[in-house]
Amino acid sequence: MTNISVKLPGLNLKNPIMPASGTFGFGDVPAAKKFDLNELGALVIKTTTPKARVGNPQPQIAVLDNGVLNSVGLTNPGVDQVVSDKLPELKKSYPMLPLIASVGGESEEGYVEVATKLANSNLVDALEINFSCPNVAEGGMTFGVHPELVESLTAKIKAAVNVPIYIKLTPNVTSTTEIARAAEAGGADGLAMINTVTGMRIDLKTRKPLLGNNIGGYSGSAVKPIALYQINQVRQATNLPIIGMGGIESAKDVVEFMLAGANAVEVGSAHFKDALACPHIARDLPAVLEELGVEDINDLVNQVEFN
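Note that numbering that gives the first Met the number 0 gives residue 169 to position 170 of the sequence shown, counting from 1, and the numbers run on in steps of one.
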């Protein structure tokens, strides 16, 4: 019997598959109603911020031939409503499903506030810290591009919560490994990578960008080689568990990510092609592993053999 279960800090996953943050909202969007969420390894909820956010100007999403540009802008009802309404409903429906809450903020205090409230709810098993938010206090720079800030803020969040924290790394930096080491130095329990790649597309007739916010985060199959490279680079720099993402659409993609160094994966843009991408991938995994002669999926991690 092929083993596809994975154990990570705070998480006992029946399989390594989970939807990326924002994909399934708080388990309350139409896509989340199409199958039994217990088929997932875990569910990552939408990024939550201190106060409610309406998001960026429309259009917020542009589906392209080989990926998706999005500039949703962290639309969410705010942490207090998430803790009082969204999480209890989700936990009531799926009491055994591991839950990862995604934390956002516009200041260090905001991050710590959201992380603390989510952890103290006792309704989530781990936190994914989305450091790709703009730091309002510093003129809009992204938190996740400065190692010193990543280390100090990771340490502050770690000291304030009682659940494992996974730092989500942006690919839009000179050295992802430097940021990963900073997160580890700050006490991170794991990493999640890669977040979206900054990009833009232009409508030839209007000469305006396709997104209302002009630029956005690019995801989908086209970013997969970037994700695999950066994950493998980070794997050489740290032993922290890595939740990989970036263009995963099939069980074979999952195998490739684990060979590169990921321990589990998140699936995002694939849902624009197949609303049941996650359960389909999870169901296909055992046959793919059997074909490759792999008895335990965990044996794949970082087993890429370089020429």
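No residue lacks a Cβ here, since even glycine has one placed at the ideal position from N, Cα and C. Keep in mind that this is a model prediction, so the values were computed, not measured.
Query raised in the report: Which two residues bound the contiguous beta strand (DSSP E) that contains Pro18?
Result: Taking the sequence shown and counting its residues from 1, one reaches residue 18 at position 19. Run containing Pro18: 16–18, per the beta strand (DSSP E) assignment.
Query raised in the report: Alpha carbon to alpha carbon, what distance is there between Pro8 and Pro94?
Result: Position 95 of the sequence shown, counting from 1, holds the residue named residue 94. Position 9 of the sequence shown, counting from 1, holds the residue named residue 8. Separation of Pro94 and Pro8 (C-alpha to C-alpha, rounded to the nearest whole angstrom) is 19 Å.
Query - Beta-carbon contacts of Ala261 that lie in its chain and below 6 Å, excluding the five residues immediately before and after - result: On the sequence shown, position 262 is the one that residue 261 refers to. Hits under 6 Å: Ile230, Ile241, Gly243.
Query raised in the report: In terms of residues, what are the limits of the alpha helix (DSSP H) holding Thr309?
Result: Lying before the first or after the last residue shown, residue 309 is absent from the chain, which here runs from 0 to 306.
Query raised in the report: Are the beta-carbon atoms belonging to Asn75 and Ala51 less than 8 Å from one another?
Result: Numbered from its first residue, the sequence shown carries residue 75 at position 76. Numbered from its first residue, the sequence shown carries residue 51 at position 52. Yes; because the gap between Cβ atoms is below 8 Å, this pair is in contact.
Query raised in the report: Grouping DSSP H, G and I as helix and E and B as strand, with all else coil, what is Ser218?
Result: For the purposes of this step, residue 218 is identified with residue 219 of the sequence shown, where counting begins at 1. Note: Ser218 maps to strand in three-state DSSP.
Report task. Take Gly143 as the anchor and find which of Ala179, Leu39, Asn37, Ala125 has the nearest alpha-carbon. Result -> Within the sequence shown, residue 143 is the residue found at index 144, counting from 1. For Gly143, the closest of Ala179, Leu39, Asn37, Ala125 by C-alpha to C-alpha distance is Ala179.
Requested in this report: State the Cα-Cα distance for the pair Gly26 and Asn11, rounded to the nearest angstrom.
Outcome: Locating residue 26 in the sequence shown gives position 27, counting from the first residue. Locating residue 11 in the sequence shown gives position 12, counting from the first residue. For Gly26 and Asn11, the gap between their C-alpha atoms comes out near 19 Å.
Requested in this report: Keeping to the same chain, check which residues put their C-beta closer than 6 Å to that of Val81; ignore five residues upstream and five downstream.
Outcome: Within the sequence shown, numbered from 1, the residue matching residue 81 stands at position 82. Cβ neighbours of Val81 beyond the five flanking positions: Thr47.
Query raised in the report: Going by C-alpha distance, which of Val264, Ala259, Lys155, Lys223 is nearest Val303?
Result: Here residue 303 is taken as the residue at index 304 of the sequence shown, counted from 1. The closest CA to that of Val303, considering only Val264, Ala259, Lys155, Lys223, is found on Ala259.
Report task. Can you tell me which of the three DSSP states Ala187 falls into? Result -> Along the sequence shown, one-based indexing puts residue 187 at 188. Looking at Ala187 - three-state DSSP - the assignment turns out to be coil, as it is neither helix nor strand.
Requested in this report: Report the option in Ser92, Asp64, Ile156 whose CA atom is closest to the CA atom of Gly104.
Outcome: Translated into the one-based positions of the sequence shown, residue 104 becomes position 105. Restricting attention to Ser92, Asp64, Ile156, the CA atom closest to the CA of Gly104 is found in Ile156.
Requested in this report: Could you check if Phe339 is buried or exposed, using at least 16 other CB atoms within 10 Å of its CB as the buried criterion?
Outcome: The question about residue 339 has no answer here: the residues shown for the chain are numbered 0 through 306.
Query - Closest residue to Val172 among Val111, Gly189, Leu284, Thr195 (Cα-Cα distance) - result: Taking the first residue of the sequence shown as 1, we reach residue 172 at position 173. Measuring from the Cα of Val172, the nearest candidate turns out to be Thr195.
Query raised in the report: Between the C-alpha atoms of Met0 and Phe256, what's the straight-line distance to the nearest angstrom?
Result: Start at 1 with the first residue of the sequence shown, and residue 0 comes out as number 1. Start at 1 with the first residue of the sequence shown, and residue 256 comes out as number 257. Straight-line Cα distance between these residues: approximately 22 Å.
Requested in this report: Inspect the CB distances between the region 264–272 and the region 13–24 and report whether three or more fall short of 8 Å.
Outcome: Between the region 264–272 and the region 13–24 there are three or more C-beta pairs closer than 8 Å, enough to call the two in contact.
Requested in this report: Give me the Cα-Cα distance between Leu122 and Ile128, rounded to the nearest whole angstrom.
Outcome: Position 123 of the sequence shown, counted from the start, is the residue given in the question as residue 122. Position 129 of the sequence shown, counted from the start, is the residue given in the question as residue 128. Going by the C-alpha atoms only, they are around 17 Å apart.
Query raised in the report: For Gly189, does the count of other Cβ atoms within 10 angstroms reach 16, so buried, or fall short, so exposed?
Result: Residue numbering aside, residue 189 sits at position 190 when the sequence shown is read from its first letter. Per the 10 Å Cβ criterion, buried.
Query raised in the report: Which ranges would you report for the beta strand (DSSP E) in the region 61–86 if only whole runs of at least 3 residues count?
Result: Inside the region 61–86, DSSP marks whole beta strand (DSSP E) runs of 3 or more residues at positions 66–69, from first to last along the chain.
Requested in this report: From the DSSP output, read off the bridge partner residues of Lys223.
Outcome: Taking the sequence shown and counting its residues from 1, one reaches residue 223 at position 224. Paired residue(s): none; Lys223 is not in a bridge.
Report task. Could you check the C-alpha separation between Glu294 and Ile280 for me, to the nearest Å? Result -> Here residue 294 refers to the residue found at position 295 of the sequence shown. Here residue 280 refers to the residue found at position 281 of the sequence shown. Ile280 has its alpha-carbon roughly 17 Å from the corresponding atom of Glu294.
Query raised in the report: Skipping 5 residues on each side, what residues in its chain have a beta carbon closer than 8 Å to that of Ala112?
Result: To locate residue 112, count along the sequence shown from 1; it is residue 113. First, the residue type needs correcting, since residue 112 is Glu and not Ala in the sequence shown. Excluding its 5 nearest sequence neighbours in each direction, Glu112 has C-beta neighbours in its own chain below 8 Å: Pro49, Val78, Gly104, listed in chain order.
Report task. Give the range of the beta strand (DSSP E) segment to which Gly109 is assigned. Result -> Locating residue 109 in the sequence shown gives position 110, counting from the first residue. Unbroken run through Gly109 is the alpha helix (DSSP H), 107–119; no beta strand (DSSP E).
Report task. Quickly, what does DSSP pair Asp351 with across the bridge? List them, please. Result -> No answer is possible for residue 351: it lies beyond the span of the chain, which begins at 0 and ends at 306.
Query raised in the report: Hey, how far is the Cα of Asn69 from the Cα of Asp35?
Result: As a working note, residue 69 is residue 70 in the sequence shown. As a working note, residue 35 is residue 36 in the sequence shown. Distance between the alpha carbons of Asn69 and Asp35: 27 Å.
Report task. Taking Leu258 as part of the alpha helix (DSSP H), name the residues at either end of that continuous run. Result -> Counted from its first residue, the sequence shown places residue 258 at position 259. Looking at the DSSP string, the run of the alpha helix (DSSP H) that includes Leu258 is 250–259.
**Report entry** Val149 - containing alpha helix (DSSP H), residue span
**Finding:** Here residue 149 refers to the residue found at position 150 when the sequence shown is read from its first residue. From DSSP, the alpha helix (DSSP H) with Val149 extends over 146–159.
Query raised in the report: Which whole-angstrom value describes the C-beta separation of Gly215 and Gly198, a residue pair presumed to lie in contact below a C-beta threshold of 8 Å?
Result: Position 216 of the sequence shown, counted from the first residue, corresponds to residue 215. Position 199 of the sequence shown, counted from the first residue, corresponds to residue 198. Correct: roughly 7 Å between the Cβ atoms.
**Report entry** Host beta strand (DSSP E) of Lys353 (start-end)
**Finding:** The structure shown does not extend to residue 353, since the chain spans only 0 to 306, so no value can be given for it.
Query raised in the report: Taking just the CA atoms, how far does Glu150 sit from Glu183?
Result: Residue mapping note: residue 183 aligns to position 184 of the sequence shown, counting from 1. Residue mapping note: residue 150 aligns to position 151 of the sequence shown, counting from 1. One C-alpha to the other measures close to 8 Å.
Query raised in the report: At what residues does the beta strand (DSSP E) containing Asn129 begin and finish?
Result: The sequence position of residue 129 within the sequence shown is 130, counting from 1. Element bounds for Asn129: 125–129.
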